[in-house]
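A.B. asks: Structure in structure tokens, see below.
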Amino acid sequence: MARTGSRLTTVVVTAAILAIAAVAAWAAADVGRDDTHAAEPGGRATATAAGIPSRPDDAVALTVTYVFDGDTIEVAEPSAGGRIRVRLIGIDTPEGTPAPECWADEARAHLAELLPEGATVWSAPDAEPNDRYGRALRYLWTDDGRFVNYELVAAGDAETLRIAPNTAHADLFAAAQVEAEAVRAGQWGAC
């Protein structure tokens, strides 16, 4: 009898945890939802402004000089005395080299559309400002205030990449990915 009760308790606890996780995912995906999120499979979901952080007051203005792929750019930074590579925090896009992965070209094209060469981009670090490859790790905003890291996830061009200690917006990105997957935006409908 004790064994059956223990098994029943395990089943009930597991079911409760799954129910809570499902409700949390549904609630996170439904925040700020409106009809502009609909997308054709492989298309782009449009982000809304609900809950998306605006550019911080201490963000640094940089000039885009090159877009390497969907999550890495080169910028001119006068204080660094030249150009630096910037890796967008909290996201990962399909790789374009050596052999292009599905949706790599589209992710790069979307980032180049958001941040064309010569454009001003606003940059803010998280807890750890550089990675082991010497790239600056940053959250980026367009000159008109769009949160680039978020936009790429919401469009289905990127997936969430949570690497501590740089997790300030990880929950926002995860919720955007759930929604992008649900509407089959970008890579979620094409790959």
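Following our numbering, the numbering of the sequence shown begins with -17 at its first residue and continues without gaps. Where a beta carbon is used, it is the ideal one built from N, C-alpha and C, also for glycine.
1) Can you list the beta strand (DSSP E) stretches of 3 or more residues lying completely in the stretch 71 to 139, in chain order?
2) Identify the residues that DSSP records as bridge partners of Asp51: which are they?
3) Please report the distance separating the alpha-carbon of Arg37 from that of Asn131.
4) Nearest-angstrom Cα distance between Asp139 and Arg67?
5) By the 10 Å Cβ neighbour count, where 16 or more other Cβ atoms means buried, how is Glu110 classified, buried or exposed?
6) Let me know if Ala4 comes out buried or exposed under the rule of 16 or more other beta-carbons within 10 Å of its beta-carbon.
7) Can you name the start and end residues of the alpha helix (DSSP H) that Gly171 belongs to?
8) With a cut-off of 8 angstroms, do at least 3 Cβ pairs link the stretch 140 to 147 to the stretch 70 to 83?
C.D. replies: With the given structure in hand:
1) 102 to 106, 118 to 124
2) In the sequence shown, counting from the first residue as 1, residue 51 sits at position 69. Partner(s): Thr54.
3) Here residue 37 refers to the residue found at position 55 when the sequence shown is read from its first residue. Here residue 131 refers to the residue found at position 149 when the sequence shown is read from its first residue. Cα to Cα, Arg37 sits roughly 12 angstroms from Asn131.
4) Position 157 of the sequence shown holds residue 139. Position 85 of the sequence shown holds residue 67. Asp139 and Arg67: Cα-Cα distance of roughly 20 angstroms.
5) For this step, residue 110 is matched to residue 128 along the sequence shown. The residue in question, Glu110, is exposed, as its Cβ has fewer than 16 Cβ neighbours within 10 Å.
6) Residue mapping note: residue 4 aligns to position 22 of the sequence shown, counting from 1. Any reading at Ala4 must be qualified, since the residue scores a pLDDT of 38, below 50, and its modelled position is unreliable; no value is offered.
7) Locating residue 171 in the sequence shown gives position 189, counting from the first residue. Where Gly171 is concerned, the enclosing alpha helix (DSSP H) stretches over 169 to 172.
8) yes
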